[in-house]
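Undergrad: Take a look at this one; I'll ask things after.
As structure tokens, then:
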């Protein structure tokens, strides 16, 4: 009988249209060369798709769930039998939190505040799983941490 | 948000510090950036090495800069110790940067892990929820075995302790999950497990969200231990789906209550069969019905986020319904819901509906319901813009295919193939080939379909596909005439694909005689048609055609001179390609020297192939990965048992009774086993030499025999510079028709290393025991992967009855006395035959000795004759053998007489020895 799969995120990537990585979060062991290859492959498969296409694309033995915001692609790599729409909305939920936290977020916020972005990711996703989905709770925690700086 | 309208200037202090390093202006060159970075690295290095101890703030600042430089894509080879030092700081920001540096760079330097365990331990014990969170996140992010060794005991305690803060519990649950995935052996189940299950009841939905993931993973491996989670998950789910859209406040997302948690709970339930407790089961059914009902309600928001979140839950509910596969009502409702989505304006939904319906098609309850959507799916194939959606439509058509709609679906797939994207053509070809075979009502349709496949997408028709059509045609004599006629007609096209030439060449070589009565397809016409394609074909196809030609020599003696002329041509006999040249030389020789009888034996029609799993099905599985196809295929096979081998059972045959091994692989080399039989004749009188050689592989032999036992060393040489993978040679004894159950030969061997490096040689030892006398030599089947393709080689192993010959010396008197004793007609076998080799006395003597018998000098009154004696040893008997060979130089003939106490032995030895002169 089919099991529900391991159901975990393999990696999260934020890339701009030129292929510059703005965030790479890995939930599997890859060596550096492999990471670079994955980054390039994801960029290649995602950027050729247009708005009429689905937000899902098969990728090796996995699939990429992605959404484009302005010039940035937010990509999550998951198991083939994972719930596409749940991860698609997890991306949006994450983007809404970033937007709230950075007050109207833009690409350079992610560049210069990379260490904060990692904190946001860890609050919302951990060990390749969705950790917290409530925007209120995440933002409250982020503000508390900011107050410690 | 992210609209790019705001000028991109960093706000925080840190941002400004980093700004000079990052150059968003595209004008600056790469060299300038590297220069700037190197300068900064030198600066940081000097700060770290400086006499003045850095304060925490500066240390953090520089570690952060290093990290930034690393993330820009530059190598960092220092700063690790400073990062580790930051962990013991009491300031959040310093600690955070330290942990971040370690989590991000850990791959590059795993030595780090050992250095930080102590700091993590302190933070876990600090009772400061922020520090505990950082430490847990670090463990979860690194997730190495060392981490599991150090913390697998501690994390569960934190998770279930009464006074742990909610946010720490969330982190601990997922941290434990990561350690369990890395090293399940280091995370023993214990008292904590039952308390973890009860986290499903936790008031804090964030804790429930994290815990559900942990429980799902644990339950997959230990279903019994986590069984109680089912009722808890059902009641939690029930509370969520029946709540008003505002009840869950923080956890309501665009008017959908806790969508992610609902999805996770539904996935957890997919680890189990339907609940046994009727109350729980009833409640779950209610939940699922509620979710299906909500899909029909008007949306509470026009935003896509609303419908996505709602449908995320709906699709997961459908997955659970399919997983349970027990409620026909729910299955049909699910199917109807997906049917609506098939025509939705959102591409995502159409895609997911096609995908989900694919699994519904394999349920007996919903298979028929799925089939009603066939027109919509076919339409999707024709109109969808996104190739991945069309791909799902192909998958669904494949899944919903059965006998009732196979002709329509195959026709639609074929017509789609004409315009299909290159990326999915090969897969469609495989699917069409499988469906055409599986649901073939008449095999003429099957042959037409495959030929169409080759016509439309010849480049994508893999070897497996055309091998398979040949296997089927060979195994089914009712279709052979039609196949010959059809390929003949197809070959008339001025430009036909090389794969068609292969199939055509093979089939006409076997069955061209079935259409030769018609003057429009007379032997010469057939030959000229094939030969007109010859020069445009690649070497392997030409090799195949040469085999077809030699088969024609046997089938149609009238074209023999024409074919011999072709074989004799310089472009064949002196072809630069060794394989072609060798075939031309051998076939020419064979056609010249062999008698009609021998030709007929060597070039006999291929015996039926043993029934086994379709090679194309195996290929599709390989292509799609085992997990995705197997389920579907298994159910498909169950549903169509009766059609798998065709409407009637394939004829049993000698080669079908090959025994327990994977059977003789498709040796699609025109001549197959017969050719190989011919080749191995040279081993009858010798034990060492090269058994087989092609462009990839050389097989050498060394063997020794004593009484009824033998040992054979087989050497496999990889002639290429590329590795062979999954290299599996299997020697298989074959049974003669006389006895299908008894084993005449026992072969014992050990598997060889499955990887053979380029240029390398591996050795296999085969221990042989002869149980009783036998006719059929064993077969050596070799399978391996070379480059991207599977290679099959099957060669006869030269283990013949005479190998178990022990010579016996005896006097003339003894010889003739025994000779007379064996005068029963059944005991004598005689053969008179033409010499195939120059009649040289010394060579003949050597051959008789090589054959295994003693050569008795001065025994026969006629010194020109040769006589021999020996004993054939088998486990069950010993058979004395006498032989006499009388050459007639004038007539260039021999008379060979064998007398033994056993008819079958006389018969076999006479056959074997006759072929040698």
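Protein chains in written order, with full-length UniProt numbering: chain A, 1 to 149; chain B, 1 to 917.
By construction, the Cβ of each residue, glycine as well, lies at the ideal position given by its N, Cα and C atoms.
Which chain A residues are close to residue 316 of chain B, counting only those with a beta carbon under 7 Å from its beta carbon?
TA: By Cβ distance, chain A contributes 83.
Undergrad: State the CB to CB distance for the pair residue 853 of chain B and residue 880 of chain B, rounded to an integer number of angstroms; the pair is presumed to be in contact (CB under 8 Å).
TA: At roughly 11 Å, the Cβ-Cβ gap does not stay under 8 Å, so residue 853 of chain B and residue 880 of chain B are not in contact.
Undergrad: When the Cα of residue 102 of chain B is compared with those of B:63, B:91, B:52 and B:883, which residue comes out closest?
TA: It is B:63.
Undergrad: What's the C-alpha gap between residue 872 of chain B and residue 769 of chain B?
TA: Residue 872 of chain B and residue 769 of chain B: Cα-Cα distance of roughly 13 Å.
Undergrad: Report the three-state DSSP secondary structure of residue 810 of chain B (helix, strand or coil).
TA: Coil.
Undergrad: Taking any Cβ of chain B, which residues in the region 87 to 98 of chain A have a Cβ under 9 Å from it, in chain order?
TA: Listed by position, the residues of the region 87 to 98 of chain A near chain B (Cβ gap below 9 Å) are 87, 88, 89, 90, 92, 93, 95, 96 and 98.
Undergrad: Check whether chain B comes within 7 Å of residue 13 of chain A, counting only Cβ atoms and requiring the distance to be less than that.
TA: Answer no: the Cβ-Cβ gap between residue 13 of chain A and chain B never drops below 7 Å.
Undergrad: For residue 430 of chain B and residue 303 of chain B, which I take to be in contact (beta-carbon distance under 8 Å), what is that distance rounded to the nearest angstrom?
TA: Their Cβ separation, rounded to whole angstroms, is 42 Å, which puts residue 430 of chain B and residue 303 of chain B out of contact at 8 Å.
Undergrad: Would you list, in chain order, the members of the region 117 to 128 of chain A that have their beta-carbon closer than 8 Å to a beta-carbon of chain B?
TA: Listed by position along the chain: 118, 119, 122, 126, 127 and 128.
Undergrad: So, is residue 78 of chain B buried or exposed, given that buried needs 16 or more other C-beta atoms within 10 angstroms?
TA: By the 10 Å Cβ count, residue 78 of chain B comes out exposed.
Undergrad: Can at least three beta-carbon pairs, one atom from the region 164 to 171 of chain B and one from the region 128 to 136 of chain B, be found at a separation below 8 Å?
TA: Touching, yes, given that three or more Cβ pairs across the two stretches are closer than 8 Å.
Undergrad: Under the assumption that residue 231 of chain B contacts residue 197 of chain B (Cβ atoms under 8 Å), give the Cβ distance between them as a whole number of angstroms.
TA: No, residue 231 of chain B and residue 197 of chain B are not in contact; Cβ-Cβ is about 10 Å, not under 8 Å.
Undergrad: In whole angstroms, give me the CA-to-CA distance for residue 121 of chain A and residue 367 of chain B.
TA: Residue 121 of chain A and residue 367 of chain B: Cα-Cα distance of roughly 42 Å.
Undergrad: Tell me residue 69 of chain A's beta-bridge partners as DSSP assigns them.
TA: Note: residue 69 of chain A sits in a beta bridge opposite A:72.
Undergrad: Would you list, in sequence order, the uninterrupted beta strand (DSSP E) runs of no fewer than 3 residues that lie entirely inside the region 208 to 248 of chain B?
TA: Those beta strand (DSSP E) runs which fall completely within the region 208 to 248 of chain B and span 3+ residues do not exist here.
Undergrad: Return no unless some Cβ of chain A is closer than 7 Å to the Cβ of residue 395 of chain B.
TA: No - not a single Cβ of chain A is within 7 Å of the one on residue 395 of chain B.
Undergrad: Output the boundary residues of the alpha helix (DSSP H) element that contains residue 127 of chain A.
TA: From DSSP, residue 127 of chain A is part of no alpha helix (DSSP H); its letter is neither H nor E.
Undergrad: Give every residue of the same chain whose Cβ lies closer than 6 Å to the Cβ of residue 556 of chain B, excluding the five residues on either side of it in the sequence, and list them in chain order.
TA: Once the five neighbours on either side are set aside, the close Cβ partners of residue 556 of chain B are 523.
Undergrad: Starting from the N-terminal side, write out each stretch of the beta strand (DSSP E) that is 3 residues or longer and does not extend beyond the region 727 to 771 of chain B.
TA: Complete beta strand (DSSP E) runs here, min 3: 745 to 749 and 761 to 770.
Undergrad: Quick check on residue 92 of chain A: does DSSP put it in helix, strand or coil?
TA: DSSP places residue 92 of chain A in helix when its eight states are reduced to three.
Undergrad: Would the region 577 to 595 of chain B count as touching the region 401 to 419 of chain B if we require 3 or more Cβ pairs under 8 Å?
TA: The answer is no - the region 401 to 419 of chain B does not touch the region 577 to 595 of chain B, with fewer than three Cβ pairs under 8 Å.
Undergrad: Which residues, in chain order, does the region 333 to 353 of chain B contribute to contact with chain A at a C-beta distance below 8 Å?
TA: Within the region 333 to 353 of chain B, the qualifying residues are 347, 348, 351 and 352.
Undergrad: Could you give the distance in angstroms between the alpha-carbon of residue 695 of chain B and the alpha-carbon of residue 716 of chain B?
TA: Spanning the two alpha carbons is a distance of roughly 13 Å.
Undergrad: Check whether the region 306 to 317 of chain B and the region 253 to 261 of chain B touch, using three or more Cβ-Cβ pairs below 8 Å as the test.
TA: Yes, the region 306 to 317 of chain B is in contact with the region 253 to 261 of chain B.
Undergrad: Give me, in chain order, the residues of the same chain whose beta-carbon lies closer than 7 Å to that of residue 328 of chain B; leave out the 5 immediate sequence neighbours on both sides.
TA: Taken in chain order, the residues that qualify are 365.
Undergrad: Who are the Cβ neighbours of residue 158 of chain B in its own chain at under 6 Å, not counting the five residues just before and after it?
TA: 164 and 172.
Undergrad: Within 10 angstroms of its Cβ, does residue 104 of chain A collect 16 or more other Cβ (buried), or is it exposed?
TA: Per the 10 Å Cβ criterion, exposed.
Undergrad: In chain A, which residues lie less than 9 Å from residue 241 of chain B when you measure between Cβ atoms?
TA: Neighbours of residue 241 of chain B on chain A: none; closest Cβ ~15 Å, over 9 Å.
Undergrad: Under 7 Å, do residue 599 of chain B and residue 584 of chain B count as touching if we go by C-beta distance?
TA: Going by C-beta atoms, residue 599 of chain B is not nearer than 7 Å to residue 584 of chain B.
Undergrad: Use the C-beta contact count for residue 99 of chain B: other C-beta atoms within 10 angstroms, 16 or more gives buried, fewer gives exposed.
TA: Buried, because 16 or more other Cβ atoms sit within 10 Å of the Cβ of residue 99 of chain B.
Undergrad: Compile a chain-ordered list of the residues in the region 166 to 179 of chain B whose CB is closer than 7 Å to at least one CB of chain A.
TA: Those residues of the region 166 to 179 of chain B that come within reach of chain A (Cβ to Cβ, closer than 7 Å) are 167, 170, 171, 174, 175, 177 and 178.
Undergrad: Quick one: give me the first and last residue of the beta strand (DSSP E) that residue 893 of chain B is part of.
TA: Per DSSP, residue 893 of chain B belongs to the beta strand (DSSP E) from 893 to 900.
Undergrad: Does any C-beta atom of chain B lie closer than 7 Å to the C-beta of residue 115 of chain A?
TA: It does; some Cβ of chain B falls within 7 Å.
Undergrad: Where residue 772 of chain B and residue 744 of chain B are concerned, what is the direct C-alpha to C-alpha distance, given to the nearest angstrom?
TA: Residue 772 of chain B and residue 744 of chain B: Cα-Cα distance of roughly 5 Å.
Undergrad: Would you mind stating whether residue 456 of chain B and residue 497 of chain B have Cβ atoms separated by less than 7 Å?
TA: No, the Cβ-Cβ distance between residue 456 of chain B and residue 497 of chain B is not below 7 Å.
Undergrad: Skipping 5 residues on each side, what residues in its chain have a beta carbon closer than 8 Å to that of residue 138 of chain A?
TA: The answer, listed in chain order, is 97, 120, 123, 124 and 132.
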